[in-house]
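First up is the structure itself, then whatever we jot down about it.
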Amino acid sequence: MVSGKFYVFVGRYCVDNDMGKCSFQDTWLQLCDENGRKYDLWLKKSNTNEDKGFCILCNSSFSVVKGIQGVNQHVKTEKHKLLYRARFSSQQLKIIDHDDEVSNLSHST
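The numbering used here runs 367 ahead of the 1-based position in the sequence shown.
So, in structure tokens, the structure goes:
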């Protein structure tokens, strides 16, 4: 029992038997997206409500009363997709640039 509610965990996903509501689960932060990046790069628990997650990229909160499904729905929004691509594609370019510089340095000696 947690706060008078009974929670069942199926893998890392929360299924609440009390009116179908779920609260944010810290284990979600360790999940990886389709690109292999952990959710903790952009997701955190809302400071104001345990039934909400907060997207650092979008600077917005969203409901997680239906568990991980709420996170998955947020990921599909156009705003999140746009900001995700902008954030991680520029980071990837920096890594590529750095590797090219290292490669060029090793070839010039």
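Where a beta carbon is used, it is the ideal one built from N, C-alpha and C, also for glycine. All figures in this text were calculated on a predicted structure; none of them were measured in a lab.
So, with DSSP's three-state summary, where would you put residue i?
i	result
G420	strand
K412	strand
F429	strand
K448	helix
Could you name the residues of the same chain whose beta carbon sits closer than 8 Å to that of residue i, not counting the 5 residues immediately before and after it, in chain order?
i	result
D407	L396, Q397
C422	W409, L410, S428, F429, H441, H447
S413	F391, K419, G420, F421, S428
R404	F455
C399	K405, Y406
With residue i and residue j assumed to form a contact (beta carbons below 8 Å), what rounded beta-carbon distance in angstroms separates them?
i	j	result
G420	V431	5 Å
Beta carbon of residue i, beta carbon of residue j: below 9 Å?
i	j	result
S315	N416	Residue 315 is absent from the structure shown; the chain starts at 368 and stops at 476.
Excluding the five sequence neighbours on either side, which residues of its own chain have a C-beta within less than 7 Å of the C-beta of residue i, listed in chain order?
i	result
G437	G420, F429, S430, V431
C425	K446, H447, L450
Give every residue of the same chain whose Cβ lies closer than 6 Å to the Cβ of residue i, excluding the five residues on either side of it in the sequence, and list them in chain order.
i	result
S390	E417, D418
S456	none
K388	V432
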